[in-house]
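Participant:
2 protein chains.
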Amino acid sequence: MTAGVLYRMTIGERGMAIDHLDARLIVLLAREPRIGVLEMSRRLGVARGTVQARLDRLQSNGVIRGFGPQVDPAALGYPVTAFATLQIRQGQGADVRAHLATVPEVLELHTTTGSGDMLCRLVARSNADLQRVIDLVVGFEGIVRASTAIVMEDAVPLRIIPLVEQAAQDRERPGRPEKP
Amino acid sequence: MTAGVLYRMTIGERGMAIDHLDARLIVLLAREPRIGVLEMSRRLGVARGTVQARLDRLQSNGVIRGFGPQVDPAALGYPVTAFATLQIRQGQGADVRAHLATVPEVLELHTTTGSGDMLCRLVARSNADLQRVIDLVVGFEGIVRASTAIVMEDAVPLRIIPLVEQAAQDRERPGRPEKP
DNA sequence: CACCCTGCTGAGCAGATTGTCCAGTCATCA
DNA sequence: TGATGACTGGACAATCTGCTCAGCAGGGTG
Chain F
1 MTAGVLYRMT
11 IGERGMAIDH
21 LDARLIVLLA
31 REPRIGVLEM
41 SRRLGVARGT
51 VQARLDRLQS
61 NGVIRGFGPQ
71 VDPAALGYPV
81 TAFATLQIRQ
91 GQGADVRAHL
101 ATVPEVLELH
111 TTTGSGDMLC
121 RLVARSNADL
131 QRVIDLVVGF
141 EGIVRASTAI
151 VMEDAVPLRI
161 IPLVEQAAQD
171 RERPGRPEKP
Chain D
1001 MTAGVLYRMT
1011 IGERGMAIDH
1021 LDARLIVLLA
1031 REPRIGVLEM
1041 SRRLGVARGT
1051 VQARLDRLQS
1061 NGVIRGFGPQ
1071 VDPAALGYPV
1081 TAFATLQIRQ
1091 GQGADVRAHL
1101 ATVPEVLELH
1111 TTTGSGDMLC
1121 RLVARSNADL
1131 QRVIDLVVGF
1141 EGIVRASTAI
1151 VMEDAVPLRI
1161 IPLVEQAAQD
1171 RERPGRPEKP
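Top to bottom, those sequences are chains F and D. Residue 95 in the numbering used here sits at position 95 of the first sequence, with consecutive numbering throughout. To convert, take the position in the second sequence, counting from 1, and add 1000; that gives the numbering used here.
1. Can you check whether the CB of D:Ile1160 is closer than 7 Å to the CB of D:Ala1082?
2. Output yes if chain F places a C-beta closer than 7 Å to the C-beta of D:Ala1149; else output no.
3. What residues from the stretch 1109-1125 of chain D come within 9 Å of chain F, judged by C-beta to C-beta, listed N to C?
4. Under the three-state reduction of DSSP, which class applies to D:Arg1054: helix, strand or coil?
5. Suppose only complete runs of 4+ residues qualify. What are the alpha helix (DSSP H) ranges in the stretch 111-152 of chain F, listed by chain order?
6. Hey, quick one: how far does the beta strand (DSSP E) through D:Ile1064 stretch, first residue to last?
7. Kindly indicate if chain F contains any beta-carbon less than 7 Å away from that of D:Pro1162.
8. Determine the contact status of F:Glu105 and F:Arg121, defining contact as a CB-CB distance below 7 Å.
9. Excluding the 5 residues flanking F:His20 on each side, which residues of the same chain have their C-beta closer than 6 Å to its C-beta?
10. Which partner residues of D:Ile1088 appear in the DSSP bridge assignment?
11. On a CA-only basis, which of D:Asp1135, D:Pro1157, D:Pro1073 and D:Gln1092 is nearest D:Gly1142? Give me that one, please.
12. Measuring CA to CA, which of D:Leu1163, D:Leu1076 and D:Val1103 is closest to D:Arg1125?
13. Would a check of beta-carbon distances place F:Phe67 closer than 7 Å to chain D?
14. Can you tell me the Cα-Cα spacing of D:Gly1004 and D:Ala1074, whole angstroms?
15. Classify F:Glu165 as helix, strand or coil using the three-state DSSP reduction.
16. Per DSSP, which one or two residues make a beta bridge with F:Asp22?
17. For F:Ile35, count neighbouring Cβ atoms within 10 angstroms of its own Cβ and tell me buried if that reaches 16, exposed if not.
18. Since F:Arg45 is in the alpha helix (DSSP H), which residue starts that stretch and which ends it?
Given below as structure tokens:
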């Protein structure tokens, strides 16, 4: 039973179609990242070369960005997480970006729709320490106002597997046809 | 020149102290995740057994949660990211959580300070598709109101290296003394 | 219809890496 | 001063990787 061969790379404007084997590969890799290509081929029931080729393709297509270590800020001594919405003075966006990039406690920063707004994820050593971090963040002329929400519980920790599985299913029964 | 040996594991209430070698190890691993223990030991200038022991300790202490593949939703066909703030009806928190956990496009969900508020990260196939996702999310009785911010640019993509380096430096010159 | 291309399989090989020992050295701690 | 913990440097067998090859099957093309 040839696994793939219902194979025709459909690459949309952005985004690459994933088939079921790709999805199983990613899920397997997410659950047991330390296993090698040989072991994966055994688990998935395909040839080693196939796994190797799939992995290479997934990586060169950018679906798999990498295998970097997932570091837990809490274990590092930063158990407090917060999201801050920042209101930026017109035209100061680039400066604010550069400023926030220098603050280690800023784990990510996005510009969002709305009037010069940004959203950033912060961590701190304690609730008290969060004040220091916020002062660091806000203590910059380009920032007009900041409102902060402290995270109490990670109801759904960052995940990707459900989306991968849906993407694989969408591929089998294409919702809307791609342009030929 | 013995690398470590200024070594005394100080584990706070939460969080483990990281020394400079640990930090270098994590940074190296983040930059080139595919290299093995042997290669790491060469780059870091320490014995292979040391790298192995450090890695084991970092993992069992939870600092390194794992090495799962970092999947890019955009490459999967979900280039639109948004953050939604949800206002929850009193006492419906658990139900809402369970509901949102079933939606693949919900990549993460946090409960935050404030009156029954939650913050979630969404992805969608397009701005139009985002409407479908939001309807999916909000179409649940426990949710009173939702306000959405679409991400335009990842000014600072999720990162951890600066924090790791700061944690390592903090260890060398302890800010506040641990209880003896 | 014949032909080509792509993806998958199964196999083989040399070289590198891993897991797991060990003994010895050095600094810190009781 | 003795005990403990961390690191080094070396060794071994077992395993895995990177790479190559030929063959097969399905889909698309001239």
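No residue lacks a Cβ here, since even glycine has one placed at the ideal position from N, Cα and C. Values in this document were obtained by computation on a predicted structure and should not be read as measured data.
Facilitator: According to the data block:
1. A distance of 7 Å or more separates the beta carbons of D:Ala1082 and D:Ile1160.
2. By the rule that beta-carbons nearer than 7 Å mark a contact, D:Ala1149 touches chain F.
3. So the close ones are Leu1109, His1110, Thr1111, Thr1112, Thr1113, Gly1114, Asp1117, Met1118, Leu1119, Cys1120, Arg1121, Val1123 and Arg1125.
4. Collapsing the DSSP output to three states places D:Arg1054 in a helix.
5. The stretch 111-152 of chain F contains, as complete alpha helix (DSSP H) runs of 4+ residues, the segments 127-138 (chain order).
6. Bounds of the beta strand (DSSP E) holding D:Ile1064 are Ile1064 to Gly1066.
7. Answer yes: the Cβ-Cβ gap between D:Pro1162 and chain F drops below 7 Å somewhere.
8. Not in contact: F:Glu105 and F:Arg121 (Cβ atoms no closer than 7 Å).
9. Once the five neighbours on either side are set aside, the close Cβ partners of F:His20 are Ala168.
10. For D:Ile1088, DSSP records a beta bridge to D:Ile1143.
11. Ranking the options by Cα distance to D:Gly1142, first place goes to D:Gln1092.
12. Here the closest residue by C-alpha is D:Leu1076.
13. It does; some Cβ of chain D falls within 7 Å.
14. With a pLDDT of only 34 at D:Gly1004, under the threshold of 50, the placement of this residue in the model should not be trusted; the figure read from the coordinates follows. When rounded, the distance between both Cα atoms is 42 Å.
15. Helix at F:Glu165.
16. Per DSSP, F:Asp22 has no beta bridge partner at all.
17. So F:Ile35 counts as exposed.
18. Note on residue identity: the sequence assigns Gly, not Arg, to residue 45 of chain F. No alpha helix (DSSP H) contains F:Gly45, which DSSP labels as neither H nor E.
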